[in-house]
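Structure record follows, encoded as structure tokens.
Now the structure itself:
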């Protein structure tokens with residue numbers, strides 16, 4: 003790849019290395035593969051995995067009880083017929099946006115700094131989409147007939163109802179999950195080859211050997227790999243925009259005040275990238291510390307991600323502003339009431355928390371010091387994650403709990419099982435994430451080797 | 003009752019008042035918390051997710067919840083998703099007249115308080131499934147009430163008494179008869195001096211003849227009657243005025259002006275179903291015809307009648323007498339000055355009297371059952387002075403046989419029992435251990451009786467204290483007869499053989515007379531053979547029609563005598579609070595406590611389910627710092643009970659009202675332990691009201707389950723109301739904006755185009771439609787907890803709104819079924835097409851296809867969709883399975899449901915019309931809610947037929963649809979609420 007022409011000056015922030023100088027092909031491969039192959043499993047991994055696994059088991063209990071009794075175990079009711087399940091779904095699917103954005107769009111835009119974090123972010127995307135995909139299914143009144151949402155040839159000649167955004171959603175999410183998986187896996191093949199070659203244990207060799215699909219590093223392999231990867235990136239790019247746009251249509255098609263607005267698709271996409279980057283940041287900061295990967299996940303990465311957070315945070319803020327403005331401008335009493343109810347109603351606390359988390363907190367990233375301060379980065383990224391969850395809560399629950407006919411208004415309270423499912427899904431995510439860290443190279447080794455080569459080209463000392 | 007710790011913040015009522023005073027225009031509000039915008043809502047904000055977080059840890063209440071569900075068809079087992087697989091067997095030999103799948107209707111009657119309501123009962127292959135009114139019956143005119151509608155659930159109640167019980171052990175009828183005979187043989191020597199029979203109010207001619215036969219055989223025996231809501235005051239009042247026992251009948255169809263003195267004649271009392279119809283028929287205003295009757299109400303606690311009134315005055319029950327006197331004085335019925343009313347009340351009374359006098363002979367004054375005899379007597383004199391007797395008021399023989407003052411009757415019985423004079427007590431129905439006045443200590447006295455027999459539908463509080471309890475048949479299981487409020491007799495036919503080892507009261511009476519063998523059919527038939535129905539054809543016709551022709555009492559001429567008009571003794575004014583005992587509109591005197599439909603029916607005024615509360619006025623709440631649901635201790639005459647309070651706008655600030663009928667201890671799985679027992683305060687000397695109540699705040703609160711949370715109308719134009727004057731000035735005052743234009747041509751409904759109208763002027767808010775819908779459409783009961791969560795399943799709900807001042811607001815009712823929108827927002831969003839539109843404009847629900855995304859509910863602007871969050875329908879309890887309407891799917895867990903406009907009835911009518919090769923006639927299809935409605939507020943039909951009633955109503959200038967601006971084009975529309983205030987009193 004060609005060096006990025008836009009950052010020639012050696013002292014600008016973007017020129018800071020995305021890979022600590024002095025690395026060689028060998029040291030890069032050695033350090034990253036060692037996490038999986040040779041280094042002992044750190045205690046912190048054990049603790050983290052245990053926490054994730056316990057939460058996952060809680061999810062299992064919660065889901066079993068859910069299937070046994072019915073969705074009544076949750077706090078959903080009339081009028082708030084969608085509760086935590088949909089909030090969590092939108093939240094996870096938003097988180098799942100960072101990976102593809104980093105991998106595909108930044109690849110197409112030739113942002114080399116993506117190299118260190120793309121595998122990690124893609125894995126995160128995949129697991130987040132897995133968590134997300136679970137919720138629409140769980141939330142069905144009759145989950146055992148979920149496949150009725152798919153257009154399959156059945157004897158009754160029934161078809162899904164294509165005007166419903168929930169059907170679009172099925173396609174958007176399943177397409178996204180498929181493409182994300184392919185993208186992630188294709189990008190993993192060369193490294194799987196490296197792992198196969200380095201692994202000593204027979205079992206590990208077979209495992210990585212299967213994953214590597216006979217990768218031998220031949221020029222033809224590289225040629226085809228590059229084409230496939232670029233094509234997939236091209237395929238995935240529109241998905242980044244489309245998936246969350248479609249998810250937002252789950253709401254905009256409805257006539258509920260607070261849902262029925264045209265700004266939702268772009269505003270949801272921005273929000274998704276916002277939360278996705280926050281999640282990547284929340285995960286990389288501890289991982290780079292624990293595994294000593296500061297050479298690869300450098301300050302420059304964090305700095306760039308903080309900038310993305312700031313930018314998307316501003317977009318989200320603009321969304322909030324426009325929602326309010328349009329409600330006023332529409333002169334619809336229902337829309338105006340909805341906005342007032344968010345700000346002053348019984349759930350006002352959550353609305354203002356959301357504003358604090360999503361609008362105010364990222365503003366610290368105007369300051370370079372904050373962008374380079376690890377604790378600040380970590381705390382803000384967590385705050386943004388919470389804020390984005392609250393945003394979905396405000397959209398789903400607060401809009402529904404008071405709509406047109408006041409006699410039907412009612413408060414919504416989640417139950418123990420709502421919380422168990424939310425934290426259980428976090429458990430699923432953490433479990434998968436920890437397994438990924440333990441079993442696969444979390445950083446793309448071959449792409450980093452390319453970076454080494456580029457540094458050499460730029461006049462760095464020869465590796 | 004399980005109190006919750008902590009208390010709700012008291013309401014700042016001064017703030018509410020000032021808010022209401024500051025509001026402009028037609029502001030509707032729903033209840034207090036929301037107007038205040040303060041206390042509880044603030045709390046919600048601060049307490050993060052409090053209520054349901056403990057759903058799985060709360061072992062006791064969850065168990066209780068399961069109990070309720072299991073009992074009253076809700077979730078039975080936890081087995082989950084599918085219906086059990088069972089084999090069915092068709093008829094081998096088909097009974098004559100039965101076509102499988104085609105229901106048959108039989109005429110019968112239900113008796114409450116001795117007054118019969120004529121019914122037609124729908125029967126599917128021998129199972130009664132739905133109650134309808136009998137159009138030929140004078141008390142019904144085709145409509146019914148909540149009790150009749152819900153009685154079908156009582157029939158199939160798994161908690162009904164099923165076997166003979168002797169001292170807690172299962173026994174047999176033959177042993178019971180042996181014990182009874184032995185006791186009676188012992189009595190023979192003393193001519194029955196130690197025998198007492200206790201019944202409820204009796205109007206059944208057969209039973210009366212049997213009772214007389216018993217008294218002939220045992221001349222020394224005594225027959226006592228007691229029912230806690232007996233109309234003693236009306237009886238005594240009539241005796242005072244006329245020196246005779248008479249029944250008062252009203253002719254509201256002749257009355258232009260009605261004055262109610264604490265009488266809730268629109269939803270309780272004899273003949274109310276007919277009275278409501280006649281009253282409302284005089285109020286229907288249509289284009290071109292604009293006369294309305296006018297209703298003045300003086301009441302101590304908010305009631306449906308007060309809500310319908312054009313002028314409603316709130317006073318204490320004890321003060322009503324002063325108003326009766328003031329009216330009497332104005333009319334010159336009584337002389338003297340007497341106690342003067344406040345000047346504004348004086349003005350009010352003068353205006354009312356002028357209005358009454360303008361309508362001499364075409365007005366009526368009604369006194370309520372709680373009012374003392376002298377008020378009833380005064381009202382008789384007032385009506386006489388106004389020339390109403392014979393016109394709007396008709397007197398007849400009493401409907402109840404041998405009318406007595408029942409509290410006096412019970413007092414005598416208790417005296418005899420305490421004196422040891424009673425050796426054998428036979429209780430035929432009723433539950434005196436639970437509902438007898440507390441001061442009589444009935445249970446203690448009864449314990450002194452050597453041998454106690456109890457006949458009843460339930461093994462209840464009284465049964466537990468009797469040596470023998472024998473199960474009584476439900477009225478749908480046995481032959482009997484009963485009189486309506488006008489004396490008309492209905493022969494009650496059984497719809498089903500007794501489901502358990504139960505016998506009717508006639509059979510038990512026959513056993514007392516030494517003939518344990520004859521069936522109730524023979525007994526009733528034999529009686530009527532000698533009383534005018536000897537001819538079999540006549541008998542058949544009487545059974546078929548549901549009325550025995552010519553049995554209505556003729557009008558009786560009575561002469562008003564000079565009576566002692568001395569004022570009933572009363573306490574000094576302002577000394578203390580007054581307590582009011584009221585019948586409950588849901589469980590009546592407690593007899594329906596185990597009926598899940600009635601327990602879950604929202605109270606017409608408070609919208610509360612599952613509990614009774616002590617109603618306090620907003621001012622009282624302010625004074626004592628109480629909020630809804632706060633527990634208080636009510637002290638009255640040395641007795642006390644704990645009760646949650648409810649702030650009821652329109653309640654007298656100097657009185658507290660409590661509903662009777664709750665706090666049952668042995669009612670069954672549904673009714674035991676629900677609410678508090680107000681009978682524990684009630685005494686025989688003041689069974690309805692009395693001063694001297696003290697309230698103590700306990701600092702705890704009790705979770706009440708309301709079907710709607712506190713909300714104002716937020717200035718939305720949902721109920722549109724105006725006065726007759728406004729209507730005359732601008733008949734289209736309620737019309738909203740015109741329908742928004744559309745680029746697309748609308749769908750052409752070429753065949754039928756079903757639509758519904760609801761006349762808000764006619765709706766009295768009684769709730770009969772809600773229970774009728776529940777019965778017709780197999781709607782499950784979900785239990786208190788689920789109602790509190792917001793999961794009540796009623797397809798049709800009645801919204802209640804207030805307008806005006808906090809202390810005496812106007813009350814409005816608005817029934818809300820599915821609107822069947824032409825552009826239904828719910829249909830668009832269903833991913834599997836489980837809710838679709840028919841070419842007749844119905845918004846149909848395909849349960850089998852529903853996967854339960856619940857998006858349709860979110861997108862329904864009217865929020866009329868209901869979701870099966872759990873397996874609510876009981877598909878396991880065998881007897882409850884019999885009750886289901888076979889033409890309506892019993893829904894399982896995880897599917898959405900909602901009002902279908904009774905599509906099964908539409909289909910039936912269409913099939914019949916097809917077979918007869920004719921179009922469906924207007925009026926041939928009546929939805930369940932329409933059929934039951936006493937005031938015919940609901941009209942269903944084909945809008946494409948310009949001559950149909952519904953099309954004509956939709957053409958009325960007062961017709962409007964809710965939320966027209968959403969362009970959903972609902973098929974359900976409303977006729978605006980009209981009132982007829984006295985121009986003289988408008989200020």
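Protein chains in written order, with the numbering used here: chain A, 3 to 465; chain B, 3 to 989. For each residue, glycine too, the CB sits at the ideal point set by N, CA and C. Computed from a prediction, not measured in an experiment: that's the story for all the values here.
Taking the DSSP output, what are the residues bridged to residue i?
i	result
residue 112 of chain B	B/119
residue 586 of chain B	B/590
residue 90 of chain A	Per DSSP, none; premise fails for residue 90 of chain A.
residue 313 of chain B	B/298
residue 818 of chain B	B/799
Quick one: what does DSSP say residue i is sitting in, helix, strand or coil?
i	result
residue 84 of chain A	coil
residue 755 of chain B	coil
residue 50 of chain A	helix
residue 164 of chain B	coil
residue 357 of chain B	helix
residue 434 of chain B	helix
residue 746 of chain B	coil
residue 43 of chain B	Low per-residue confidence applies at residue 43 of chain B: pLDDT is 42, beneath 50, and the placement is therefore not dependable, though the value from the model is reported in the following sentence. Three-state result, residue 43 of chain B: helix.
residue 735 of chain B	coil
residue 850 of chain B	helix
residue 696 of chain B	strand
Compare the C-alpha of residue i against each of the options and name the closest.
i	options	result
residue 407 of chain A	B/756, B/845 and B/719	B/719
residue 630 of chain B	B/637, B/280, B/639 and B/615	B/615
residue 52 of chain A	A/167, A/428, A/258 and A/33	A/428
residue 670 of chain B	B/593, B/975 and B/641	B/593
residue 167 of chain B	B/580, B/879 and B/454	B/454
residue 836 of chain B	B/853, B/842 and B/827	B/853
residue 351 of chain A	A/395, A/339, A/70 and A/273	A/395
residue 504 of chain A	A/213, A/172 and A/111	The requested residue 504 of chain A does not occur in the structure, where chain A is confined to residues 3 to 465.
residue 662 of chain B	B/652, B/243 and B/617	B/617
Are any of the Cβ atoms in chain B nearer than 8 Å to that of residue i?
i	result
residue 166 of chain A	yes
residue 35 of chain A	no
residue 454 of chain A	no
residue 162 of chain A	yes
residue 71 of chain A	yes
residue 61 of chain A	no
Quick check: is the beta carbon of residue i nearer than 8 Å to any beta carbon in chain A?
i	result
residue 630 of chain B	no
residue 267 of chain B	no
residue 946 of chain B	no
residue 7 of chain B	Note that residue 7 of chain B scores a pLDDT of 45, beneath 50, so its modelled location is shaky and nothing firm can be said.
Residues in the stretch 847-862 of chain B with C-beta within 8 Å of chain A's C-beta atoms, listed in sequence order? 851, 852, 853, 854, 855, 856, 857, 859, 860 and 861
Contact set between the stretch 824-839 of chain B and chain A, restricted to residues whose Cβ is under 7 Å from the partner: 827, 830, 831, 832, 833, 834 and 835
Chain B contacts made by the stretch 378-389 of chain A, where a contact means CB separation under 7 Å: none
Please identify, using Cβ separations under 7 Å, the residues of the stretch 387-406 of chain A that lie next to chain B, in order along the chain. 402, 405 and 406
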